[in-house]
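Presented below is the structure to which this report refers.
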Amino acid sequence: MSARYPAARPRRLRRTPALRRLVAETRLRPEELILPMFVKEGIDAPNPVESMPGVVQHTRDSLRKAAQEAAEAGVGGLMLFGIPEFKDDRGAAADDPGGIVQRALRDLSADLGDDMVIMADLCLCEYTAHGHCGVLTPTHQVDNDATLERYASIAIAQAAAGAQVVGPSGMQDGQVGAIRAALDKAGYTDVVILAYAAKYASAFYGPFRDAAEGAPQFGDRAGYQQDPANAREALREVELDLDEGADMVMVKPGLAYLDIIAKIAERVDVPVSAYQVSGEYAMVEAAARNGWIDRERAIMEALLSFRRAGAAQILTYWATEAARLLR
Ligand code: PBG
């Protein structure tokens, strides 16, 4: 009686690294990575973010240097977040032409020009004293329509300072339409809108709130960000943003929302981005510091999973390091 052998042996194609490289279905490239960066007004030296080892709040100078390093590593884009020295109820520093993000945008545009895609996060939470993503009603709700006027003005300030892409992340209804109309009217028809289309009310933003100093002083964001229970709602958010003129759409957070990325990527023809957020970064760094996980492998595996799910671009705090590893 002859031995019975499996008719199919998928292991054959896994035997050597060269074979695995040959048949890899998904690839990751440095130019698909976008580095989120924090720049803080009124500090003399970079300020480490405790809950995100390796991430700092930059000075204008250290930002320029880190942006240059990202560019040299081949990173495709930078997403800027500003932390002003003074905050008020309407986030006046957000659309001040002399505000920290506008200054930093001018610096980076002068240094990097069109060789790097320079993006600005467009929201109010880093700029308001109360830490919510918009202006408030007398009963302390975020006032959707009054906030849209603020966003429109911020978009113009960012575009004037050299932002090639604005990323509205406040999850107010109609924000993309309001921003597109304002940009067009002011002559910035070429400025791209990367809509944080499906942004969930997530615990994984915890460390970011240290980094950007934008934690809500009361309540939470569940009244405007999406409920983690919902997937179809994300498709509706994306549809609305595309109708309003979004050029690209983003899903955020990343790892806990790979299903959402996959659904959206199947459905729409614009680039879909994924944001690997602060809590995803902190989890890997913390586990690695304890010797509980192989840090580099975990980073690269998570990044690859976004591409496999259908994301074309990935926002990641590891962008520069990952780009170097990929080279
Ligand atoms: C707010 C904003 C947040 C993040 C990006 N933009 C925080 C929030 O909505 O609370 C989170 C990013 C991260 O956690 O890395 N405009």
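Per the working numbering, the sequence shown starts with residue 176, numbered consecutively.
All C-beta atoms, glycine included, are put in the ideal place defined by N, C-alpha and C.
This structure is a prediction, so every number in the text was calculated from the model and none was measured.
- For valine 341, the Cβ stays outside the 7 Å cut-off from all heavy atoms of ligand 1.
- The beta-carbon separation of alanine 327 and methionine 227, rounded to 31 Å, does not stay under the 8 Å limit for a contact.
- Taking 7 Å as the cut-off, one finds no heavy atom of ligand 1 near enough to the beta carbon of valine 230.
- Rounded to whole angstroms, the gap between the alpha carbons of leucine 238 and alanine 376 is 29 Å.
- Between isoleucine 331 and leucine 430, the alpha-carbon positions lie close to 33 Å from each other.
- With a cutoff of 7 Å, aspartate 296 counts as near ligand 1, since its C-beta is closer than that to a heavy atom of the ligand.
- Taking C-alpha positions only, alanine 248 is separated from aspartate 282 by approximately 19 Å.
- In this structure, glycine 454 has its CB closer than 7 Å to one or more heavy atoms of ligand 1.
- Across the structure, glutamate 207 and histidine 305 are spaced so that their CA atoms are roughly 35 Å apart.
- Contact between arginine 235 and alanine 279 holds: their C-beta atoms lie close to 6 Å from each other, under 8 Å.
- Where glutamine 333 is concerned, the enclosing alpha helix (DSSP H) starts and stops at 319-336.
- Within the DSSP bridge table, the entry for tyrosine 450 names Leu490 as partners.
- A distance below 6 Å between beta-carbons, with the five flanking residues on each side excluded, links glutamine 333 to the following residues of its chain, in chain order: Ala295 and Val341.
- Counted as a single uninterrupted DSSP element, the beta strand (DSSP E) harbouring lysine 215 occupies residues 208-215.
- The C-alpha of aspartate 271 is placed about 26 Å away from the C-alpha of alanine 372.
- Phenylalanine 261 has no beta-bridge partner at all, per DSSP.
- When secondary structure is reduced to three states using DSSP, tyrosine 375 falls in the strand class.
- Glutamine 243: not part of any beta strand (DSSP E); member of the alpha helix (DSSP H) spanning 235-248, first to last residue.
- With fewer than 16 other Cβ atoms inside 10 Å of its own Cβ, leucine 188 counts as exposed.
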